[in-house]
Amino acid sequence: MMCKRIIERLLSIILILVMCMVLPVSHVQAAPPSYQYSYWGDTVAAPAAYMATRIIDGVMMGAGALQEPADIHVTDDQEIYILDSGNQRVIITNHRFELIRIIDGFVNEGRMDSFNNPQGIFVTADKQLYIADTGNQRIVHLASDGTLLNIVRSPESEMLLSTFVFQPARIVVDRAGRMYVMTLGVFDGFMEFNVDGTFTTFIGANRVYVDPIEYLWKLLSTREQRSRMVQFTPTEFTNLDIDAEGFIYATNGDQWGDNVKKLNAQGTDILRRNGYFSPGGDIRYAYIDGPPRLIDIDVADSEIYSVLDAKKGRIFTYNGDGYLLYVFGGIGNRIGEFHTPVAIERLGDHFLVLDKGYGEITLFEATEYGRVINEAVRSYYQGDEERASRLFEQAVNMNANLEYAYDGIGKSLLRQGEYQEAAEYFKRSMDRKNYSKAYQLYRKETLREVFPTIMTGGVILLAVFIAVRRVLKSRGRKRVVTFE
Amino acid sequence: MYLTVHPYKAFWELKYDRNQRASLWTAIVILALLSLTSILQSQYSGFLVNFNKPEELNSFMEIVYVVVPVLFFSIANWSLTTLMDGEGKFVEIFISTCFALLPLILINLPWIWLSNYLTFEETAFYYFSNSVAALWTLYLLFVGNMTVHQFTPSKTVLTLLLTVVAMGFMAFLCLLFFSLVQQIAGFVITIYRELTLRG
Numbered sequence: 001m002m003c004k005r006i007i008e009r010l011l012s013i014i015l016i017l018v019m020c021m022v023l024p025v026s027h028v029q030a031a032p033p034s035y036q037y038s039y040w041g042d043t044v045a046a047p048a049a050y051m052a053t054r055i056i057d058g059v060m061m062g063a064g065a066l067q068e069p070a071d072i073h074v075t076d077d078q079e080i081y082i083l084d085s086g087n088q089r090v091i092i093t094n095h096r097f098e099l100i101r102i103i104d105g106f107v108n109e110g111r112m113d114s115f116n117n118p119q120g121i122f123v124t125a126d127k128q129l130y131i132a133d134t135g136n137q138r139i140v141h142l143a144s145d146g147t148l149l150n151i152v153r154s155p156e157s158e159m160l161l162s163t164f165v166f167q168p169a170r171i172v173v174d175r176a177g178r179m180y181v182m183t184l185g186v187f188d189g190f191m192e193f194n195v196d197g198t199f200t201t202f203i204g205a206n207r208v209y210v211d212p213i214e215y216l217w218k219l220l221s222t223r224e225q226r227s228r229m230v231q232f233t234p235t236e237f238t239n240l241d242i243d244a245e246g247f248i249y250a251t252n253g254d255q256w257g258d259n260v261k262k263l264n265a266q267g268t269d270i271l272r273r274n275g276y277f278s279p280g281g282d283i284r285y286a287y288i289d290g291p292p293r294l295i296d297i298d299v300a301d302s303e304i305y306s307v308l309d310a311k312k313g314r315i316f317t318y319n320g321d322g323y324l325l326y327v328f329g330g331i332g333n334r335i336g337e338f339h340t341p342v343a344i345e346r347l348g349d350h351f352l353v354l355d356k357g358y359g360e361i362t363l364f365e366a367t368e369y370g371r372v373i374n375e376a377v378r379s380y381y382q383g384d385e386e387r388a389s390r391l392f393e394q395a396v397n398m399n400a401n402l403e404y405a406y407d408g409i410g411k412s413l414l415r416q417g418e419y420q421e422a423a424e425y426f427k428r429s430m431d432r433k434n435y436s437k438a439y440q441l442y443r444k445e446t447l448r449e450v451f452p453t454i455m456t457g458g459v460i461l462l463a464v465f466i467a468v469r470r471v472l473k474s475r476g477r478k479r480v481v482t483f484e
Numbered sequence: 001m002y003l004t005v006h007p008y009k010a011f012w013e014l015k016y017d018r019n020q021r022a023s024l025w026t027a028i029v030i031l032a033l034l035s036l037t038s039i040l041q042s043q044y045s046g047f048l049v050n051f052n053k054p055e056e057l058n059s060f061m062e063i064v065y066v067v068v069p070v071l072f073f074s075i076a077n078w079s080l081t082t083l084m085d086g087e088g089k090f091v092e093i094f095i096s097t098c099f100a101l102l103p104l105i106l107i108n109l110p111w112i113w114l115s116n117y118l119t120f121e122e123t124a125f126y127y128f129s130n131s132v133a134a135l136w137t138l139y140l141l142f143v144g145n146m147t148v149h150q151f152t153p154s155k156t157v158l159t160l161l162l163t164v165v166a167m168g169f170m171a172f173l174c175l176l177f178f179s180l181v182q183q184i185a186g187f188v189i190t191i192y193r194e195l196t197l198r199g
């Protein structure tokens, strides 16, 4: 009896062991799995590219709790500038979030002056601060040590209406010191200021969208009715960032069309949209939620940029061609989720997400997968296609759904002259243009190989044909001759 | 084959000289071949010209997409021309319609194979021949209709346009009918459920 029971038990243990071996080992993931959009617009699973590792609040930085922080900026040497709007101050920390300095005012004409609900901050390479001091209707330009350099107040220009109220909310500054300011309630684009703070022009206005039904109503109504209706106005921008080459990346609050833009000096949109879908956050969303509302954009090196969707709290990262690389974040209570995210910024390859509601910063670190993708895109951008191809292959091994990676591999194969394989990879990434290119070369190659054989065959066939005909003819003639 | 290049003569023969039963079977064969072509086209066309999602391919639906419009056209045309004193019978209309579809098969079938060897620049040829096939079919449809009903050209054009409108009506009525049936079925099912649950 005992014996039998022991045997039974042993058997069951063995069975379990065998099952463990047979069944695939499921990986335990710390970060919630992410997703991607396939060529067909389906949501497909993807591993997490970024994982929240730390939450930092004001107390941890040694600056006291943050109150409704609005903006964040990281310099090239990884100093972090946090605009603590509710407390009217700027907190400066190093990359480990150790406090360096707090700026809560400056000396203006001999008196102490302070901010009033500032919304935007920008720090130049030599650490000059530009603060969009929204409540005081001015832009404050400080030197790196906090002394006042300049104040830009409401400009006077015939381009502006008499009712115009200057409420700067976000600001970027290019290498030459020109300021591009996003101003609340302005529909004509960004305001551009000279180095000395004089207003020059508006750039990059959004286009007006006319609702056809409303247009019909307008046509049918009288002038008095029309004057009381809402005017068709272009939408405002929601945020902007500037890259190393001086191009402005901007997001707008449109519910339609392209809501991510890359503006050149003339204000024309030059963003490449060669991805499966034009960049702009989620393409599938519940009807009641509506399309994503992008409120911040951050440009990294190699034309990689990320946008923040306020509705779902998600961060979408694209490469310069407009392919979606990865998605992370969300609204919620767990680590890696936010209440009201307002700003994103890259700290090296880490991400900082500023949450206005909680007054916290969430630090995201790249997972293996995220690192591989970042490196791959970078290598490709720098022209090192072999390395890019290797990295893309690694990425594909981690996520077979990443169709963009197949494209990367295909391009490097194309460069190496492996046309047939390149065509296969392009087919997999649904890149018809490059497929055609690879296929054309492959076809040429094969034809060149096969052509001599075909020609020889053809010539031989022709010779045989002529010979046979001649023989038949001569025979026929003979016959004719005999008949006569 | 003869019909595609000499439509007037051939449709005349089809109407008056040929054995109708044989023609009917030929017509059905043509229709079947066209369905086959459309299935093959969506499955095996070259990558550059094939925009179908392979997971959503349904051969049965492809057949429906071919057969239903032809039947709709025949029925709509028949019901119109009986009112407009055309001479064609329903079978004749159906046969002539099917025969008119021949160019679609003749041109598109070889292109399924050829399209696999195309580059991006050459797809223009593919689309060009596709449109040629469509126009040719339209022309044959026109001639066939004219011959079958013994109409003048202008009247044929008018009937064809009206036929399209009638097809729209039919589609609408069909939808209405099906949705009504669905509603009734839903109603009956609800009552049945209610009864069984109460019982």
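Respectively, the protein sequence lines represent chains S and E. Counting in my numbering, the first sequence runs from 1 upward without gaps. Counting in my numbering, the second sequence runs from 1 upward without gaps. Positions of the beta carbon are idealized from the N, C-alpha and C atoms, including for glycine. From a predicted model like this one, the values you see are computed outputs, not experimental measurements.
(request) Determine the burial state of proline 54 of chain E: buried for a count of at least 16 other Cβ atoms within 10 Å of its Cβ, exposed for fewer. (result) Exposed, since its Cβ has fewer than 16 Cβ neighbours within 10 Å.
(message) Using a Cβ-Cβ cutoff of less than 7 Å, which residues in the same chain neighbour proline 24 of chain S once the five nearest sequence positions on both sides are dropped?
(response) In this prediction, proline 24 of chain S scores a pLDDT of 44, lower than 50, which makes its location untrustworthy; no coordinate-derived value is stated.
(request) Measure from the alpha carbon of valine 49 of chain E to the alpha carbon of each residue in E:Val148, E:Phe11 and E:Thr119, then state which is nearest. (result) For the residues E:Val148, E:Phe11 and E:Thr119, the minimum Cα distance to valine 49 of chain E belongs to E:Thr119.
(request) Under 7 Å Cβ to Cβ from threonine 43 of chain S, same chain only, skipping five residues before and after it: list those, please. (result) Exclusion of the five residues before and after threonine 43 of chain S leaves Tyr35, Tyr37 and Arg284 as the residues of its chain whose Cβ lies within less than 7 Å of its Cβ.
(request) Please compile the residues from chain E whose C-beta is within a distance smaller than 8 Å of the C-beta of arginine 378 of chain S. (result) By Cβ distance, chain E contributes nothing, its closest Cβ being about 29 Å from arginine 378 of chain S, past 8 Å.
(message) Using a Cβ-Cβ cutoff of less than 7 Å, which residues in the same chain neighbour proline 234 of chain S once the five nearest sequence positions on both sides are dropped?
(response) Contacts found: Phe187, Ala205, Asn206, Arg207 and Val208.
(message) Tell me the rounded alpha-carbon separation between threonine 137 of chain E and isoleucine 288 of chain S.
(response) In this structure, the alpha-carbon of threonine 137 of chain E lies about 46 Å from that of isoleucine 288 of chain S.
(message) Taking 8 Å as the limit between beta carbons, can you name the residues of its chain near threonine 75 of chain S, skipping five residues before and five after?
(response) For threonine 75 of chain S, the CB contacts under 8 Å within the same chain, skipping 5 residues up- and downstream, are Tyr81, Val123, Ala125 and Lys127 in chain order.
(message) Using the Cβ count rule (16 or more neighbours within 10 Å means buried), how would you classify histidine 27 of chain S?
(response) Caution applies to histidine 27 of chain S, whose pLDDT of 44 falls short of 50 and renders its modelled position unreliable; the model cannot decide the point.
(request) Count the C-beta pairs between the stretch 409-418 of chain S and the stretch 377-393 of chain S that are closer than 8 Å, then say yes if the count reaches three, no if not. (result) With the cut-off at 8 Å, the stretch 409-418 of chain S and the stretch 377-393 of chain S touch.
(request) Would you check if the distance between the CB atom of isoleucine 56 of chain S and the CB atom of glutamate 79 of chain S is smaller than 8 Å? (result) Using a Cβ distance threshold of 8 Å, isoleucine 56 of chain S and glutamate 79 of chain S do not count as a contacting pair.
(message) Distance check for leucine 24 of chain E and glutamate 424 of chain S, CA to CA, integer angstroms please.
(response) Each residue's Cα considered, the two are about 45 Å apart.
(request) Could you tell me whether any Cβ in chain S is nearer than 8 Å to the Cβ of leucine 57 of chain E? (result) Interface residue (Cβ-Cβ distance to chain S less than 8 Å): leucine 57 of chain E is not classified as such.
(message) Short of 7 Å in beta carbon distance, which residues of its chain neighbour glutamine 20 of chain E, apart from the five on each side in sequence? Order them along the chain.
(response) Here glutamine 20 of chain E has Val91 as same chain residues with Cβ atoms under 7 Å from its own Cβ, once five neighbours each way along the sequence are excluded.
(message) Please list the terminal residues of the continuous alpha helix (DSSP H) segment that includes arginine 175 of chain S.
(response) It is not in any alpha helix (DSSP H) - arginine 175 of chain S carries neither H nor E in the DSSP assignment.
(request) Note down, in chain order, each residue of its chain lying with its Cβ closer than 6 Å to the Cβ of glutamine 29 of chain S, except the 5 sequence neighbours on either side. (result) Only weak support exists for where glutamine 29 of chain S lies, its pLDDT of 44 falling under 50; the value from the coordinates is given anyway. So no residue of the chain qualifies.
(request) Consider the Cβ of tyrosine 127 of chain E: report whether some Cβ of chain S lies at a distance smaller than 8 Å. (result) Not a single C-beta of chain S is nearer than 8 Å to the C-beta of tyrosine 127 of chain E.
(request) Excluding the 5 residues preceding and the 5 following valine 148 of chain E in the sequence, name in chain order all residues of the same chain whose CB lies nearer than 8 Å to its CB. (result) Correct list, in chain order: Phe11, Lys15, Gly86, Glu87, Gly88, Glu92, Ile93 and Ser96.
(message) So that I know if they touch, is there some Cβ in chain E lying closer than 8 Å to that of glutamine 29 of chain S?
(response) Because the pLDDT at glutamine 29 of chain S is just 44, under 50, the model does not fix this residue reliably, and the point stays unresolved.
(request) Round the Cβ separation of phenylalanine 190 of chain S and phenylalanine 247 of chain S to the nearest angstrom and send it over; I've been treating them as touching at under 8 Å. (result) Their Cβ separation, rounded to whole angstroms, is 13 Å, which puts phenylalanine 190 of chain S and phenylalanine 247 of chain S out of contact at 8 Å.
(message) I want to verify the contact list: residues of chain E whose CB lies under 7 Å from the CB of serine 436 of chain S, in sequence order.
(response) What serine 436 of chain S touches in chain E, judged by beta-carbon distance under 7 Å, is Leu48, Thr119 and Phe120, going in chain order.
(request) Can you have a look at glutamate 62 of chain E and say buried or exposed, based on whether 16 or more other CB atoms are within 10 angstroms of its CB? (result) Buried, because 16 or more other Cβ atoms sit within 10 Å of the Cβ of glutamate 62 of chain E.
(request) Take alanine 45 of chain S and list the residues in its own chain whose beta-carbon comes closer than 7 Å to its own, dropping the five residues that flank it on each side. (result) Pro33, Tyr35 and Asn401.
(request) Pull up the distance between the alpha-carbon of glycine 228 of chain S and that of serine 306 of chain S, whole angstroms please. (result) Note on residue identity: the sequence assigns arginine, not glycine, to residue 228 of chain S. Using only the alpha carbons, I get a separation of about 40 Å.
(request) Could you say which of S:Met112, S:Leu294, S:Gly135 and S:Phe106 lies nearest to glutamine 119 of chain S if we only look at CA atoms? (result) Among S:Met112, S:Leu294, S:Gly135 and S:Phe106, the Cα nearest to that of glutamine 119 of chain S belongs to S:Gly135.
(request) Tell me whether threonine 367 of chain S is buried or exposed, calling it buried when 16 or more other Cβ atoms sit within 10 Å of its Cβ. (result) Threonine 367 of chain S should be labelled buried.
(request) Just the C-alpha distance for asparagine 127 of chain E and isoleucine 112 of chain E, rounded to the nearest angstrom, thanks. (result) The sequence given here has tyrosine at residue 127 of chain E, not asparagine. Answer to the nearest angstrom: the Cα atoms are 12 Å apart.
(message) Nearest by alpha-carbon distance to valine 299 of chain S: which of S:Pro292, S:Tyr318 and S:Gly290 is it?
(response) Considering only S:Pro292, S:Tyr318 and S:Gly290, the residue with the shortest C-alpha distance to valine 299 of chain S is S:Tyr318.
(request) Check the Cβ of tyrosine 209 of chain S against every Cβ in chain E and list those closer than 7 Å, keeping chain order. (result) Ordered by position in chain E, no residue passes the 7 Å Cβ test against tyrosine 209 of chain S, which lies about 29 Å from the chain.
(message) For a contact defined as C-beta to C-beta under 8 Å, what are the partners of lysine 53 of chain E on chain S?
(response) By Cβ distance, chain S contributes Trp40.
(request) Would you mind giving the Cβ-Cβ distance between leucine 101 of chain E and isoleucine 30 of chain E, rounded to the nearest angstrom? I have them listed as a contact below 8 Å. (result) At roughly 6 Å, the Cβ-Cβ gap stays under 8 Å, so leucine 101 of chain E and isoleucine 30 of chain E are in contact.
(request) Give me the Cα-Cα distance between methionine 455 of chain S and tyrosine 369 of chain S, rounded to the nearest whole angstrom. (result) If you take the alpha carbons of methionine 455 of chain S and tyrosine 369 of chain S, they lie about 52 Å apart.
(request) Enumerate in chain order the residues of its own chain whose CB-to-CB distance from threonine 123 of chain E is below 7 Å, with the five nearest sequence positions on each side excluded. (result) Here threonine 123 of chain E has Leu48 and Val49 as same chain residues with Cβ atoms under 7 Å from its own Cβ, once five neighbours each way along the sequence are excluded.
(request) State the start and end residues of the unbroken alpha helix (DSSP H) segment that holds leucine 380 of chain S. (result) A small correction: the amino acid at residue 380 of chain S is tyrosine; leucine does not occupy that position in the sequence shown. Counting along the chain, the alpha helix (DSSP H) containing tyrosine 380 of chain S begins and ends at 368-382.
(request) Show which residues of chain E have a CB atom less than 7 Å away from the CB atom of lysine 411 of chain S. (result) What lysine 411 of chain S touches in chain E: nothing, since even the nearest Cβ is about 16 Å away.
(request) Report the residue from S:Gln137, S:Glu445 and S:Glu403 whose alpha carbon sits nearest the alpha carbon of leucine 184 of chain S. (result) Taking only the C-alpha atoms, the option nearest leucine 184 of chain S is S:Gln137.
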